[in-house]
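Just so you know, we're using our numbering here: the sequence shown kicks off at 9 and counts up by one. Each remark here refers to the structure printed beneath this line.
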Amino acid sequence: VALCKGIFFCGQEPFVADEYIERLAWRTPGGGSRGGEAFDPKRLLEEFVNHIQELQVMDERIQRKVEKLEQQCQKEAKEFAKKVQELQKSNQVAFQHFQELDEHISYVATKVCHLGDQLEGVNTPRQRAVEAQKLMKYFNEFLDGELKSDVFTNSEKIKEAADIIQKLHLIAQELPFDRFSEVKSKIASKYHDLECQLIQEFTSAQRRGEISRMREVAAVLLHFKGYSHCVDVYIKQCQEGAFLRNDVFEDAAILCQRVNKQVGEIFSNPETVLAKLIQNIFEVKLQSYVKDQLEEHRKSDAEQYLKNLYDLYTRTTNLSSKLMEFNLGTDKQTFLSKLIKAIFISYLENYIEVEIGYLKSRSAMILQRYYDSKNHQKRSIGTGGIQDLKERLRQRTNLPLGPSIDTHGETFLSQEVVVNLLQETKQAFERCHRLSDPSDLPKNAFRIFSMLVEFLCTEHIDYALETGLAGIPSSDSKNANLYFLDVVHQANTIFHLFDKQFNDHLMPLISSSPKLSECLQKKKDIIEQMEVKLDMGIDTLNCMIGQMKHILAAEQKKTDFKPEDENNVLIQYTNACVKVCGYVRKQVEKIRNSMDGKNVDTVLMEFGVRFHRLIYEHLQQYSYSCMGGMLAICDVAEYRKCAKDFKIALVLQLFDTLHALCNLLVVAPDNLKQVCSGEQLANLDKNILHSFVQLRVDYRSARLARHFS
């Protein structure tokens with residue numbers, strides 16, 4: 009098997025000994041692998057022995073062949089190694105020759121360079137001498153007064169003539185005037201004539217659109233004094249027909265883009281030429297356009313003037329941003345800023361004064377138009393300040409001095425007015441951000457904010473609050489309409505809009521300046537001032553309680569709690585209770601709609617406490633039979649349901665206690681002490697408990713007095 013593996017290992021398929029033996033046995037007659045044949049072990053053994061002998065012969069033959077190939081391979085490897093060594097020696101020799109050749113080439117190159125320098129040293133003076141000789145020749149022609157050379161008479165050689173006359177002009181500058189005045193004059197005249205011809209040639213080439221010719225002429229004129237005039241001519245012709253539309257800014261941008269692509273092909277200093285074009289556009293076209301647009305409305309229409317100023321400045325800066333893409337030299341930002349400043353400086357110097365003046369007059373007009381539409385003449389209310397107003401209201405509450413101001417249900421607050429004022433201020437903030445110098449921006453923004461505070465907060469919201477306070481009826485008024493809560497509701501909504509504009513438009517302008525703290529303090533003062541007046545509006549609660557007193561006085565009857573027929577009471581609670589609860593629920597809803605935050609809970613707590621005191625004092629005015637006491641308990645239970653709408657724990661607790669006190673009106677005399685020692689009544693003063701027991705019609709009976717003593 010091992011022999012077979014060695015012989016057949018070179019096959020493509022892997023050698024499997026079992027399969028090989030099986031195939032050999034299958035081919036041998038009597039091997040037992042084919043059905044129907046008798047197994048003959050001797051024959052099979054003989055076949056195996058013969059096959060092994062054949063394999064051994066084959067193995068020997070292959071082994072000899074392998075040895076022969078190994079010997080041949082070793083021989084060739086030695087020959088190859090010998091050949092590689094020979095090639096390495098040849099390579100070393102070639103590298104040595106290459107180094108020698110390189111040194112020789114370097115030596116020759118050094119000699120050639122030295123020879124070239126010597127030739128140049130000889131040729132340069134010779135060329136200068138030749139040029140000097142030619143210039144002397146041309147100078148003699150000017151000296152003789154007759155130009156005969158072809159270079160001056162042939163118009164096609166204007167380039168060569170320009171080069172010569174430019175050099176002669178420089179030479180003439182060094183000559184004394186007294187001896188060479190005439191020739192200097194002739195050279196200067198020819199210099200000027202050639203300069204004019206070159207500029208004319210440049211102009212003609214520009215009109216024909218021949219860029220290559222323009223480049224040639226510009227290169228010649230570069231050494232002439234009139235080169236700047238050539239640039240001026242180019243700039244002037246570029247603008248011909250470029251400003252035909254109404255949008256001068258878009259025309260300017262398109263022109264600069266077109267010239268930017270072309271100017272580099274013509275001039276050797278394209279950034280200077282393009283910068284000069286832009287300067288010309290700003291100082292001539294834009295400045296004239298801006299002046300026409302602004303001077304028309306500067307004194308007659310401040311609103312249109314400010315709108316035009318903002319629009320023109322914005323479009324100019326946008327154009328400047330587009331031009332920043334071009335190569336205009338080292339400091340193009342400063343260059344463009346100076347051009348913009350030169351156009352608008354006379355308008356920006358007093359911008360904020362115009363802005364404040366317009367904002368003041370516009371805001372006053374918006375307010376006056378609103379009050380005129382209401383046929384209302386603004387009046388001075390509480391001119392002595394907050395403390396004086398507090399004192400006046402306190403006196404009016406405690407000592408009625410006459411009827412209050414009748415506002416006829418008008419809050420004197422308008423969403424339209426507020427939106428208009430905020431919109432005007434928003435636009436003013438936007439203009440301020442764009443038009444103010446960065447160092448003046450916080451200061452200017454604060455002035456605009458002060459205008460908003462004056463007209464929105466003081467002249468509108470504060471005036472409405474003061475008017476609402478003055479319109480609060482006295483507590484003994486009948487059928488009084490309580491509009492102050494409507495004023496509070498609208499003022500609260502308006503102040504949220506004011507606060508939003510403060511955060512969205514003012515804060516970004518002052519966030520990194522000392523004016524931030526000043527604005528925040530001013531806003532805080534406004535809030536505190538309004539909160540003081542809202543607190544003063546608590547007087548409205550007195551009116552509510554007064555209304556409830558009128559309802560109870562009109563609807564509550566003594567017979568409600570001491571009916572003539574104890575066995576024929578058909579109502580669950582009294583009519584007075586129904587009307588008072590309905591009124592209270594409406595007022596609670598109005599308070600919730602009018603206020604927000606902690607103010608709601610504060611006012612509702614105060615209202616709830618006063619509501620409880622009113623009902624407590626009201627119940628103490630009557631005597632109660634057993635059935636009347638049950639009806640009083642039902643009324644208090646209804647009042648307690650109403651108190652749940654307050655969602656104030658203290659108010660609900662007060663009415664729970666009142667409900668427990670009312671149980672003293674119906675409890676059996678034997679159980680009075682037990683009820684009084686209950687959880688809700690145990691901590692109350694005995695005088696309070698006694699006062700409720702005294703309200704029973706059977707109080708004077710000896711039995712009841714004995715049990716309560």
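By construction, the Cβ of each residue, glycine as well, lies at the ideal position given by its N, Cα and C atoms.
Note that the segment 632 to 645 does not touch the segment 682 to 691; fewer than 3 beta-carbon pairs, one per stretch, sit closer than 8 Å. Around the beta carbon of R253, fewer than 16 other beta carbons lie within 10 angstroms, which makes this residue exposed.
Between Q287 and Q245, the C-beta spacing is not below 9 Å. Here the alpha carbons of L302 and L317 stand approximately 7 Å from one another.
The shortest CA-to-CA distance from I502 to any of G234, N511, K76, I469 is the one to I469. Under the three-state reduction of DSSP output, Y707 falls in the coil class, being neither helix nor strand. Per DSSP, the continuous alpha helix (DSSP H) segment holding T324 begins and ends at 310 to 331.
T36 is positioned such that its CB atom lies closer than 9 Å to that of E55. Classified as exposed, L77 has fewer than 16 neighbouring CB atoms from the shown chains inside 10 Å of its CB.
In this structure, Q498 sits near T419, with a CB-CB distance shorter than 9 Å.
Check the Cα spacing between P278 and each of R72, L336, C650, R266: the tightest is with L336.
Check the Cα spacing between V659 and each of H626, C670, A33, D609: the tightest is with D609.
By the neighbour-count criterion, in which 16 or more other beta carbons inside 10 Å mark a residue as buried, T342 falls on the exposed side.
Apart from sequence neighbours up to five positions away, the residues of its chain that approach L703 with a beta-carbon distance below 8 Å are L627, Q628, Y630, S631, Y632, L673, ordered along the chain. Under the 8 Å Cβ criterion, the segment 305 to 319 does not count as touching the segment 230 to 250, having fewer than three qualifying pairs. By the criterion of at least three beta-carbon pairs nearer than 8 Å, the segment 452 to 464 is in contact with the segment 356 to 369. At the C-beta level, L669 and L639 stay beyond 9 Å of one another.
In chain order, L429, E432, M459, F463 place their CB closer than 7 Å to the CB of S371, counting only its own chain and leaving out the 5 sequence neighbours on each side.
Here the alpha carbons of C264 and L344 stand approximately 14 Å from one another.
Per the DSSP secondary-structure output, Y632 pairs in a beta bridge with R704. Per DSSP, reduced to three states, the secondary structure at E279 is helical. DSSP places E357 outside both helix and strand once states are collapsed to three, so it counts as coil. A Cβ-Cβ distance of about 7 Å is found for the pair V281 and Y242, placing them in contact under the 8 Å criterion.
Annotation: the continuous alpha helix (DSSP H) that includes L449 extends over 449 to 460.
Here the segment 441 to 453 makes contact with the segment 515 to 525; the two share three or more CB pairs at distances below 8 Å.
Close CB contacts of C585 within its chain, under the 6 Å cut and outside five residues either way in sequence, are with D643, E646 (chain order). CA-CA distance, N500 to R593, rounds to 22 Å. Cβ contact annotation for S422 (same chain, cutoff 7 Å, sequence separation greater than five): Y378, in chain order. Note on S444: 16 or more other CB atoms within 10 angstroms of its CB, so buried under the neighbour-count rule.
At the C-beta level, A436 and L367 come within 9 Å of one another. DSSP places G590 inside the alpha helix (DSSP H), whose first and last residues are 583 to 602.
The alpha-carbon of G554 is positioned some 22 Å away from that of M603. As the crow flies, the alpha-carbon of E357 is around 15 Å from that of H441.
For the pair D255 and V271, the Cα-to-Cα distance works out to about 24 Å.
Here the alpha carbons of D48 and F23 stand approximately 27 Å from one another.
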